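>
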Amino acid sequence: MTSKNDSPPPYEDALHQPKYGNYPLQPQHGCPLPPPPSYKGVYPQETSQDLGSSCAKGEDFLFILSHTDFYCVYLILAAQLAVTISVVSVFTFADPVRLFVIRYPGIYWASFVVYFVVYLRPCASCFILQTLALSYMCGTISSYYETKAVFLAMGITAAVCIAVTVFCFQTKVDFTSCAGFLCIAAVSLMIIGIVTAIILSFQYVPWLHMLYAAIGAIIYTLFLVYNTQLLIGNRELAISPEEYVYGALSLYIDIVHIFLFILQVSGAATD
Numbered sequence: 001m002t003s004k005n006d007s008p009p010p011y012e013d014a015l016h017q018p019k020y021g022n023y024p025l026q027p028q029h030g031c032p033l034p035p036p037p038s039y040k041g042v043y044p045q046e047t048s049q050d051l052g053s054s055c056a057k058g059e060d061f062l063f064i065l066s067h068t069d070f071y072c073v074y075l076i077l078a079a080q081l082a083v084t085i086s087v088v089s090v091f092t093f094a095d096p097v098r099l100f101v102i103r104y105p106g107i108y109w110a111s112f113v114v115y116f117v118v119y120l121r122p123c124a125s126c127f128i129l130q131t132l133a134l135s136y137m138c139g140t141i142s143s144y145y146e147t148k149a150v151f152l153a154m155g156i157t158a159a160v161c162i163a164v165t166v167f168c169f170q171t172k173v174d175f176t177s178c179a180g181f182l183c184i185a186a187v188s189l190m191i192i193g194i195v196t197a198i199i200l201s202f203q204y205v206p207w208l209h210m211l212y213a214a215i216g217a218i219i220y221t222l223f224l225v226y227n228t229q230l231l232i233g234n235r236e237l238a239i240s241p242e243e244y245v246y247g248a249l250s251l252y253i254d255i256v257h258i259f260l261f262i263l264q265v266s267g268a269a270t271d
């Protein structure tokens, strides 16, 4: 049984007095109830301009995030180069250390063994070991050169690195598509190095060593361009922003090899 008050209102009353939930709108004494909030008042609709601005904000966030990783790469690279410069300075300026390496060549050859053992296991987690091994090898090699030649090689290497970085940001040429060419160049450099070592053992063509060092410096400069464009990420190929340790290690190895090849040229020029 239902009473008269519980029965549904007539159609005309329902149109003028809509229900709230399951309860009809009852007349109130005093101030009337406020009307229910509209849909637009609670959930404002985004216009195309708002969507464009939000997309722009998202792109700016990704831009800042990617460049933050870019800065991390160069911070790690700066730390690696600082360690290498410190070790090279010890082997160059400390006469007892330099004479000790010259007196015992086994320390010189041990640095190559340590470098190749560490280099054959490239991974982002062991970049500290690779930095120390490569710094040790650079230090022992620098012990056999004059201080003037070492300083000259450092200055030329710094100039080359700055020029390559500026070039990679300005050029429209995509060097990331030249990976096959760089691989062939690296194999050719290895073959030329073996031939040069054999020829120089018989004291033939003494200027061939300087030519080999110049070719090696040019090839590793191209590798530096390639790895820098991979890091920038605006070319055909790019590395992930999360691989900033790998990016820093790649640039570091290229820079150190450029320094070693230029050191051979400057050392031969100053003799």
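If you read the sequence shown in our numbering, its first letter stands for residue 1, the second for the next number, and so on.
The C-beta atom is built at its ideal place from N, Cα and C for all residues, glycine as well.
Just so it is clear, the structure is predicted and the values come from calculations on it, not from any experiment.
1) Spell out a yes or no on whether the stretch 252 to 262 and the stretch 221 to 237 are touching, meaning 3 or more CB-CB pairs, one atom from each, closer than 8 Å.
2) Is residue 248 near residue 80, with beta carbons less than 8 Å apart?
3) Can you tell me whether residue 172 is helix, strand or coil according to DSSP?
4) What residue does the alpha helix (DSSP H) around residue 181 start on, and which one ends it?
5) Taking all protein chains shown into account, do 16 or more other C-beta atoms lie within 10 angstroms of the C-beta of residue 177, making it buried, or fewer, making it exposed?
6) May I ask you to report which of helix, strand or coil DSSP gives residue 141?
7) Got a sec, what are the start and stop residues for the alpha helix (DSSP H) residue 211 sits in?
8) Please list the terminal residues of the continuous alpha helix (DSSP H) segment that includes residue 237.
9) What distance in whole Å lies between the Cβ atoms of residue 231 and residue 70, which are believed to be in contact at a cut-off of 8 Å?
10) Check whether the stretch 129 to 146 and the stretch 191 to 202 are in contact - that is, three or more C-beta pairs closer than 8 Å.
11) With distances taken between CB atoms, is the gap from residue 220 to residue 261 smaller than 8 Å?
12) Have a look at 130, 149, 154, 263 and flag the residue whose alpha-carbon is nearest the alpha-carbon of residue 216.
13) Could you check the C-alpha separation between residue 233 and residue 246 for me, to the nearest Å?
14) Let's test the definition: count the other Cβ atoms within 10 Å of the Cβ of residue 141 and tell me whether it reaches 16, buried, or not, exposed.
15) Determine the closest residue to residue 90 out of 114, 112, 144, 118, with distance taken between C-alpha atoms.
16) Using a Cβ-Cβ cut-off of 8 Å (strictly less than) and excluding sequence neighbours within five positions of residue 100, which residues of its own chain qualify?
17) Could you compute how far the alpha carbon of residue 68 sits from the alpha carbon of residue 200?
18) Give me the Cα-Cα distance between residue 55 and residue 240, rounded to the nearest whole angstrom.
19) In the DSSP assignment, find the unbroken alpha helix (DSSP H) run with residue 119 in it and report its ends.
20) Please look up how many angstroms separate the CB atoms of residue 157 and residue 92, rounded, as I've assumed it's under 8 Å.
21) Specify the secondary structure class of residue 268 as computed by DSSP and reduced to three states.
22) Mind checking residue 113: buried by the 16 CB within 10 Å criterion, or exposed?
23) So is residue 149 buried or exposed if we call it buried at 16+ other beta carbons inside 10 Å?
24) Please state the DSSP three-state secondary structure of residue 94.
25) If we count the other Cβ atoms within 10 Å of its Cβ and call it buried at 16 or more, is residue 195 buried or exposed?
This is what the structure gives:
1) yes
2) Numbered from its first residue, the sequence shown carries residue 248 at position 248. Numbered from its first residue, the sequence shown carries residue 80 at position 80. Closer than 8 Å, so yes.
3) For this step, residue 172 is matched to residue 172 along the sequence shown. DSSP places residue 172 in coil when its eight states are reduced to three.
4) Along the sequence shown, read from residue 1 onward, the residue named residue 181 stands at position 181. From DSSP, the alpha helix (DSSP H) with residue 181 extends over 179 to 201.
5) As a first step, residue 177 is located in the sequence shown; it is residue number 177 there, counting from the start. Under this definition residue 177 is an exposed residue.
6) For the purposes of this step, residue 141 is identified with residue 141 of the sequence shown, where counting begins at 1. The three-state secondary structure of residue 141, taken from DSSP, is helix.
7) Along the sequence shown, read from residue 1 onward, the residue named residue 211 stands at position 211. Note, residue 211: alpha helix (DSSP H), 208 to 232.
8) Position 237 of the sequence shown, counted from the start, is the residue given in the question as residue 237. Taken as a continuous stretch (DSSP letters only), residue 237 belongs to no alpha helix (DSSP H), as it is neither H nor E.
9) Start at 1 with the first residue of the sequence shown, and residue 70 comes out as number 70. Start at 1 with the first residue of the sequence shown, and residue 231 comes out as number 231. Indeed they touch by this definition, with Cβ atoms about 7 Å apart.
10) no
11) By one-based count along the sequence shown, residue 220 stands at place 220. By one-based count along the sequence shown, residue 261 stands at place 261. Inclusion of residue 220 and residue 261 in the CB contact set at 8 Å is warranted, their separation being smaller than that value.
12) Mapped onto the sequence shown, residue 216 falls at position 216. Closest by alpha carbon: 263.
13) As a working mapping, residue 233 is identified with position 233 in the sequence shown. As a working mapping, residue 246 is identified with position 246 in the sequence shown. Answer to the nearest angstrom: the Cα atoms are 14 Å apart.
14) Taking the sequence shown and counting its residues from 1, the one referred to as residue 141 is at position 141. Label assigned to residue 141: buried.
15) Counting from one through the sequence shown, the residue named residue 90 turns up at place 90. Of the candidates 114, 112, 144, 118, the one whose C-alpha sits nearest the C-alpha of residue 90 is 144.
16) For this step, residue 100 is matched to residue 100 along the sequence shown. Once the five neighbours on either side are set aside, the close Cβ partners of residue 100 are 107.
17) By 1-based counting over the sequence shown, the position of residue 68 is 68. By 1-based counting over the sequence shown, the position of residue 200 is 200. With a pLDDT of 46 at residue 68, under the threshold of 50, the modelled position of this residue cannot be trusted, and the question is left open.
18) In the sequence shown, residue 55 corresponds to position 55, counting from 1. In the sequence shown, residue 240 corresponds to position 240, counting from 1. With a pLDDT of 39 at residue 55, under the threshold of 50, the predicted position of this residue should be treated as unreliable, though the coordinate-derived value follows. Between residue 55 and residue 240, the C-alpha separation is close to 22 Å.
19) To locate residue 119, count along the sequence shown from 1; it is residue 119. Here the alpha helix (DSSP H) through residue 119 covers 105 to 119.
20) Along the sequence shown, one-based indexing puts residue 157 at 157. Along the sequence shown, one-based indexing puts residue 92 at 92. Actually they do not touch by this definition, with Cβ atoms about 15 Å apart.
21) Locating residue 268 in the sequence shown gives position 268, where the first residue counts as 1. Helix.
22) Indexing the sequence shown from 1 puts residue 113 at position 113. Residue 113 should be labelled exposed.
23) Translated into positions along the sequence shown, residue 149 becomes position 149. Its Cβ being crowded by 16 or more others within 10 Å, residue 149 is buried.
24) On the sequence shown, residue 94 is found 94 positions in, with the first residue counted as 1. DSSP places residue 94 in coil when its eight states are reduced to three.
25) Within the sequence shown, residue 195 is the residue found at index 195, counting from 1. Exposed, by the Cβ-count rule.
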